[in-house]
Amino acid sequence: MRSVRNEHEVVSTIRIPNKNGDAARLALTHSQGVMGRKAIHLSVTARQTADRTRKAHYATSTRGKVKRHSQNSRAYRKKHGRNASKSSLSDQLKALSVPDLPSSLRSLAATPLPTLTLFLDASRSADVLDESDLYIWEQDPPYNYPEPIMTAHEVRYTMNMVDVMLGRRWRLSKASRYQRALHFLDGKAQELLIGILKGLAGRVYKWSTVASHAAELGSGRNAEMTRCWLQWQARDIFTESEEANMLKSGGNPYRTVTQPTDTLT
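So, in structure tokens, the structure goes:
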């Protein structure tokens, strides 16, 4: 039987200059195994010494210096960027506050919601009723759509539409609140609070502007849907205002929040 060592080993001789400039002769054994690898060092110690020499040379080379500088820069930005981000969030919070809510908004937010079947169906799922025509009434007033002749049928249809809209908005509000709860649980309380506060002031102003003309609305579908808008907006604004106050005091406003069965649609 032929020796595997004899088949796969080749002895070669190379000349390596020593520190005196003389050429020393060294016989290296190249073990050519079945994987095709070649051992170029006589021992583990020799390999480790060669690795240290190569690393030292690379560290002092231009390429090595550039790479080390890049690594140090990334580490600095990562460390100080995180601190700067926290500082920026704190600065933003100092400039924001929970706006005062008009008493009329608070009163309307406390108005009981309908208990009829249409409201309940819309509050549970978007799949029960056809809500495709409601998007126009989710836009901010004023509404200037063509008015139908308000027969008894049209009056009933409008009231049904109000119930469905309130149910839809209650469902969407619940889904939005659940998303905010997830952000809070993810440790993003400051970002969440800033997002709420940035939106509240403008929404309160818009609500107050529309409400100031409520007495001039009269009757008709545009008027009823404007009142509907004022009601669901009042509930959303009041809810987020209460959340913001609790977040500012370090509390958790989402203890009772449960996952909705429907999506944000």
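Residues -10 to 254 in this note's numbering are what the sequence shown spells out, letter by letter. The C-beta atom is built at its ideal place from N, Cα and C for all residues, glycine as well. Note that the structure is predicted; figures quoted are calculated from it, not measured.
Would you mind stating whether residue i and residue j have Cβ atoms separated by less than 8 Å?
i, j, result
"residue 195", "residue 85", "no"
"residue 153", "residue 107", "yes"
"residue 220", "residue 155", "yes"
"residue 204", "residue 93", "no"
"residue 182", "residue 82", "yes"
"residue 227", "residue 90", "yes"
Whole-angstrom Cβ separation of residue i and residue j, contact assumed at under 8 Å?
i, j, result
"residue 87", "residue 230", "6 Å"
"residue 160", "residue 98", "Wrong, their Cβ atoms sit about 17 Å apart, outside the cutoff."
Measure from the alpha carbon of residue i to the alpha carbon of each residue in the options, then state which is nearest.
i, options, result
"residue 243", "150, 33, 169", "169"
"residue 163", "32, 248, 60, 41", "248"
"residue 216", "180, 147, 37, 41", "147"
"residue 121", "202, 240, 78, 157", "157"
"residue 124", "33, 238, 218", "218"
"residue 77", "150, 180, 38", "180"
"residue 150", "178, 184, 105, 129", "105"
"residue 207", "139, 237, 34", "139"
"residue 172", "137, 246, 36, 193", "246"
"residue 224", "45, 49, 95", "95"
"residue 178", "237, 37, 165, 202", "237"
"residue 240", "34, 174, 184", "174"
"residue 193", "167, 176, 129", "129"
Exercise. Pairing CB atoms from the stretch 224 to 243 with CB atoms from the stretch 171 to 189, are three or more of them under 8 Å?
Worked result: Verdict: yes, contact present.
For this session: Identify every run of the alpha helix (DSSP H) within the stretch 70 to 125, keeping only runs that are complete inside it and at least 4 residues long; order them along the chain.
Result: Entirely contained in the stretch 70 to 125, the alpha helix (DSSP H) runs reaching 4 residues are, in chain order, 92 to 98, 106 to 113.
Problem set entry | 4 or more residues per run - each alpha helix (DSSP H) lying fully within the stretch 172 to 215 | Here the runs fully enclosed are 178 to 200.
Exercise. Taking contact to mean at least 3 C-beta pairs separated by less than 8 Å, is the stretch 130 to 139 in contact with the stretch 197 to 215?
Worked result: In this structure the stretch 130 to 139 lies against the stretch 197 to 215, because at least three pairs of beta carbons, one per stretch, are closer than 8 Å.
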